[in-house]
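> Those protein sequences? They're chains A and B, same order as listed.
When the count follows the working numbering, it moves up by one through the first sequence with no breaks and lands on 506 for the last residue.
When the count follows the working numbering, it moves up by one through the second sequence with no breaks and lands on 1348 for the last residue.
Think of the CB as a built atom: it goes at the ideal place given N, C-alpha and C, for glycine as much as any other residue.
Below is the structure I would like to discuss, written out as structure tokens.
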Amino acid sequence: MDPVADMPVLSLRHAAKSFGAVRAVVDGTIDLYGGEAHALLGENGAGKSTMVKMLAGVHQPDAGQIEINGQPVTLNNPAAAQAAGIAVIYQEPTLFPDLSVAENIFMGRQPLRAGRRIDRKLLREQSTELFARLGVPLDPDRVCRGLSIADQQLVEIAKALSLDAQVIVMDEPTAALSATEVARLFEVVTTLCGSGAAVLFITHRLEEVFEICQRATVMRDGAHVLTTKVAEVSADDLVRAMVGREMPTRTQAQHGTVSGQTVLSVQRLTREGVFIDISFEVKAGEIVALAGLVGSGRSEVARAIFGIDRYDAGRVLIDGQPLRKVSPAAAMAAGIGYVPEDRRLQGLVMEMSIQQNVGLASLHRLQRRGLISSASERSFATDWAQRLSLKYGRLTDPVSRLSGGNQQKVVLAKWLGRQPKLLIVDEPTRGIDIGTKAEVHRLLVQLASTGVAVLMISSELPEVLAIGDRILVMREGRLTAEFGYQDASEESIMAAATGQFEAQAS
Amino acid sequence: MTALTDRGQSARPARGADSRRLTERIFRIRESGILAVLIVFVAVTTIVQHRFLSSTNITFVLTNTTIFALLSLGETMVVITRNVDLSIGSVLGLSAYVSSNLFGHHHGISILVVFAVGLAIGLACGLANGLMVSLGGVPSLVVTLATLYIVRGIDTLIVGGNEVVASTLPSGFIQIARANIGGVPYLAIDIAVLVGLGAYYLRSFRSGRELYAIGSSPDAARLAGIPVATRISTAFVVSGAIAGIAGVLWATEYQTIDSTAGTGYELQVIAAVVVGGVAIFGGSGSVVGAAVGALLLSTITSALYVLGISPFWDQAIAGFLLLVAISLDRAIAVRLLAALRLRSSRAR
Chain A
1 MDPVADMPVL SLRHAAKSFG AVRAVVDGTI DLYGGEAHAL LGENGAGKST
51 MVKMLAGVHQ PDAGQIEING QPVTLNNPAA AQAAGIAVIY QEPTLFPDLS
101 VAENIFMGRQ PLRAGRRIDR KLLREQSTEL FARLGVPLDP DRVCRGLSIA
151 DQQLVEIAKA LSLDAQVIVM DEPTAALSAT EVARLFEVVT TLCGSGAAVL
201 FITHRLEEVF EICQRATVMR DGAHVLTTKV AEVSADDLVR AMVGREMPTR
251 TQAQHGTVSG QTVLSVQRLT REGVFIDISF EVKAGEIVAL AGLVGSGRSE
301 VARAIFGIDR YDAGRVLIDG QPLRKVSPAA AMAAGIGYVP EDRRLQGLVM
351 EMSIQQNVGL ASLHRLQRRG LISSASERSF ATDWAQRLSL KYGRLTDPVS
401 RLSGGNQQKV VLAKWLGRQP KLLIVDEPTR GIDIGTKAEV HRLLVQLAST
451 GVAVLMISSE LPEVLAIGDR ILVMREGRLT AEFGYQDASE ESIMAAATGQ
501 FEAQAS
Chain B
1001 MTALTDRGQS ARPARGADSR RLTERIFRIR ESGILAVLIV FVAVTTIVQH
1051 RFLSSTNITF VLTNTTIFAL LSLGETMVVI TRNVDLSIGS VLGLSAYVSS
1101 NLFGHHHGIS ILVVFAVGLA IGLACGLANG LMVSLGGVPS LVVTLATLYI
1151 VRGIDTLIVG GNEVVASTLP SGFIQIARAN IGGVPYLAID IAVLVGLGAY
1201 YLRSFRSGRE LYAIGSSPDA ARLAGIPVAT RISTAFVVSG AIAGIAGVLW
1251 ATEYQTIDST AGTGYELQVI AAVVVGGVAI FGGSGSVVGA AVGALLLSTI
1301 TSALYVLGIS PFWDQAIAGF LLLVAISLDR AIAVRLLAAL RLRSSRAR
């Protein structure tokens, strides 16, 4: 063993970070050694991205410390992290699209010649040399506009190399890459490790961990669970460590009786490069949960059903009637309600009042001779606020003043006011405190019991298991598994979502 | 811009040379396209009316272009950073009156002092714009729209019903706009040199490249540690200073200055900049292109005059050219993107 390898290049010890009431990271602990690729694993919301942002100098930890070569450091901003030798490669790099590859690498640090003028020849040579070291043929003179995500990442990696970064953090770099691009990236990672750099590799794909990483750290609910040499564990061990949670208690009564009448029928829906051959049904009174990793295409399917995005093949039926493509208006007329993932940007008009937001999808009912009646808007909103036990000051307050959970209730009220046949909810409880979460769950179950069909997209497995009557799992644009609520477990869903399902089945 | 550099380089990977040629071609299209329009326009006009290419008319067009091209130099530096300076017309007006009015009140005052006063007015306005945009975080469209009105208001307040008339101006001052060598005004040569220097600065200095970087992606610029606020302020200060100097030049050229001097000029300058191939959302374009854009627009004005066509068409044609420039820009961007995508997929 190399004696240098005993001392971690970078160590993060018991770091904690909260955003308001949300504790994103409770105990972030990781040691990175030179020459090693270290995988950081965890479910969505386990706190991986927050840890990356602490290392990148974007967020400052509330507690705990960061040490580089044994020396404690404070990373107040991205420049400080860069100076400390930490480079972060994001899933989608931020580059200057109008400038050349070489300029992107050396912006602000271009080699100079007499008179502080940029030495373009040296600039090109140094860039060419970096790409030669990485073993990739990228033209330093071309503009970055039009580069594939994989090539953009390589530009960022070249930049890290030019800065002599000791630690290179890659935040889900493979999520948007093709198989060949992933293979090339892995060669680059091996090269980086070979030159003595420490690589922190964040991924959802377990097979990648076994392919290139020497160590792995698993996080769960913001806390460090396990650090191990990859060679000493199996994929199952890692999945169990990632999930390893008490099963939520479910009562039989929570699962309402399904009436059997099909409300939504999706047939062979395909959008090239996004999702392929998606077929499923949702019956009246049923809650179907669509699980899978972020980026597996779940939200895109929902957006296609509601008519926001186009699709290339397949069809959507509501009550047996085909639904017009790319028309949210037609989807609404057919009785679909859609609660989007990002309620601040897509679900609400933040500057408008609570009552205006609640009434927004039901304006036709609130108008009289083309004018919105404020009185009927108010009574409509009051009615729904009571039904959903919304906590608010005044109905005329801007909706931005409410807490996340209550904002979500406003979005729900907006759609429930239309008495939809089918309600699509995308991550209904993201960023909501535990108490309100349970209320939202109760609400969805109640809604289903009145005969509404519910399609819920969720990354939170306990939620999926708690209220889903049926659970569909997507992975990389395909439906990979379907479970009844009796047969599903966090392990089986996670396995299907990460591609371990096939391995287990065989 | 990369394309401009040493084309003679031989030791280069083949693929690199290939795509260099591509970017080079695209770059050339941007400026050579508008140059072609200019040539065609001059040719057609000359065939119809031979008088158009007379030395008198050439001198006339060049004289009209000088201030226009000078202002587009400053405006380009601002537009490249994804900002806009709408106040230059008003700054020009204020500077023109205040500086030239000095001759009437301080007999025998040095011309240099007059220029310094114009420059100081421009610097002050540019600094105000720059600080409000970069530190206040207010969109430049709003800030400079406000200063457009404020500066024009101050101008009107100072000028009142007065005007500066030619008789108060010393002949040495008036001569600045008129002096020429073989029909080419010295001023036009000076400004051509200045545009050349501006182009060289933007291409070969870190701070110049950083202006492009800021316009190309403000977020990435911040992450790369570029002093964004300083750079943007500097661009506004330069644009303001240029507008101040342009005001004094305006006085030498028109000699009669009232409170309306330069009203609405900013829009013509922005039109020239965009016609000259500078992307209105920043990140690309050159000061040379912008100057050629200015030359084209003033050539059109003169051609319509020579052909005896109503000046109404002048503005209509300028507007039409603007649309052509923007659609051309869009078409090139789309095709370039497709070509580059194809290239990177083929490389795999």
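(1) Have a look at G70/A, A381/A, H441/A, L40/A and flag the residue whose alpha-carbon is nearest the alpha-carbon of A413/A.
(2) Measuring CB atoms only, is the stretch 117-134 of chain A touching the stretch 1242-1257 of chain B, in the sense that at least three cross pairs come out at less than 8 Å?
(3) Quick check: what's the CA-CA separation for E351/A versus P428/A?
(4) Taking a contact to mean a Cβ-Cβ separation below 7 Å, would you say V52/A touches L32/A in this structure?
(5) Name the chain A residues that come within less than 7 Å of E1031/B, Cβ to Cβ?
(6) In terms of residues, what are the limits of the alpha helix (DSSP H) holding R116/A?
(7) Please list, in chain order, the residues of the stretch 390-411 of chain A that have any C-beta partner in chain B closer than 7 Å.
(8) Between the alpha carbons of D119/A and S1298/B, how many angstroms are there, rounded?
(9) How about G28/A: is its C-beta nearer than 7 Å to some C-beta of chain B?
(10) Anyone know if the C-beta pair for A291/A and V464/A falls short of 7 Å?
(11) Which residue spans inside the stretch 1082-1134 of chain B form an unbroken alpha helix (DSSP H) run of at least 4?
(12) Under a CB-based cut-off of 7 Å, is S1134/B close to chain A?
(13) Decide if M456/A is buried, meaning its Cβ has at least 16 other Cβ atoms within 10 Å, or exposed.
(14) Let's test the definition: count the other Cβ atoms within 10 Å of the Cβ of R324/A and tell me whether it reaches 16, buried, or not, exposed.
(15) Specify the secondary structure class of M551/A as computed by DSSP and reduced to three states.
(16) Near A223/A, what residues of its chain come up, given a Cβ to Cβ distance below 7 Å and the 5 sequence neighbours on each side ignored?
(17) Does chain B have any CB closer than 7 Å to the CB of M107/A?
(18) Rounding to the nearest angstrom, what Cα-Cα distance links L1169/B and L123/A in this structure?
(19) Taking just the CA atoms, how far does N1180/B sit from T1059/B?
(20) Let me make sure I understand the geometry here. Which of A302/A, L163/A, V155/A has the alpha-carbon closest to that of R142/A?
(21) Decide if H38/A is buried, meaning its Cβ has at least 16 other Cβ atoms within 10 Å, or exposed.
(22) Do L422/A and I336/A have their beta-carbon atoms positioned less than 7 Å apart in this structure?
(23) Mind checking the stretch 1200-1227 of chain B against chain A and listing, in chain order, the residues whose C-beta falls within less than 7 Å of any C-beta there?
(24) What did DSSP end up calling K121/A once you bin it into helix, strand or coil?
(25) Comparing alpha-carbon positions, which option in G1137/B, I1257/B, S1167/B, I1080/B lies nearest G1289/B?
(26) Which stretch, first to last residue, makes up the alpha helix (DSSP H) that contains A56/A?
(27) Does G1283/B get closer than 7 Å to chain A when you measure Cβ to Cβ?
(28) For Q153/A, go through chain B and note every residue whose CB falls closer than 9 Å to its CB, in chain order.
(29) Identify every residue that forms a DSSP beta bridge with I287/A.
(30) List the endpoints of the continuous alpha helix (DSSP H) containing V1061/B.
(31) DSSP three-state label for L200/A, please.
(32) Check the DSSP bridge columns for N1180/B and list the partner residues they point to.
(33) For the stretch 72-84 of chain A, which residues have a beta carbon sitting closer than 8 Å to at least one beta carbon of chain B?
(34) By Cβ distance, which residues of its chain are closer than 8 Å to T191/A, with the 5 residues on each side in sequence left out?
(35) Quick check on DSSP: helix, strand or coil for D27/A?
(36) Determine which residues of the stretch 84-97 of chain A have a Cβ less than 8 Å from any Cβ of chain B, and write them out in chain order.
By the coordinates alone:
(1) A381/A
(2) The answer is no - the stretch 1242-1257 of chain B does not touch the stretch 117-134 of chain A, with fewer than three Cβ pairs under 8 Å.
(3) 21 Å
(4) no
(5) Neighbours of E1031/B on chain A: none; closest Cβ ~16 Å, over 7 Å.
(6) It is not in any alpha helix (DSSP H) - R116/A carries neither H nor E in the DSSP assignment.
(7) none
(8) 37 Å
(9) Chain B has no Cβ within less than 7 Å of the Cβ of G28/A.
(10) yes
(11) 1088-1105, 1111-1134
(12) no
(13) buried
(14) exposed
(15) In the structure displayed, chain A extends from 1 to 506; residue 551/A sits before or after that span and is not available.
(16) Here A223/A has V26, D27 as same chain residues with Cβ atoms under 7 Å from its own Cβ, once five neighbours each way along the sequence are excluded.
(17) So yes, M107/A belongs to the interface.
(18) 52 Å
(19) 8 Å
(20) V155/A
(21) buried
(22) yes
(23) Under the 7 Å Cβ criterion, the stretch 1200-1227 of chain B contributes S1204, F1205, R1206, R1209, E1210, Y1212, A1213, S1216, S1217, D1219, A1220, L1223, A1224, G1225, I1226.
(24) helix
(25) I1080/B
(26) No alpha helix (DSSP H) holds A56/A; DSSP gives it neither H nor E.
(27) yes
(28) Result: empty, since nearest Cβ-Cβ is about 13 Å, beyond 9 Å.
(29) V454/A
(30) 1055-1080
(31) strand
(32) P1185/B
(33) P78, A79, Q82
(34) R133, L134, G135
(35) strand
(36) Those residues of the stretch 84-97 of chain A that come within reach of chain B (Cβ to Cβ, closer than 8 Å) are T94, L95, F96, P97.
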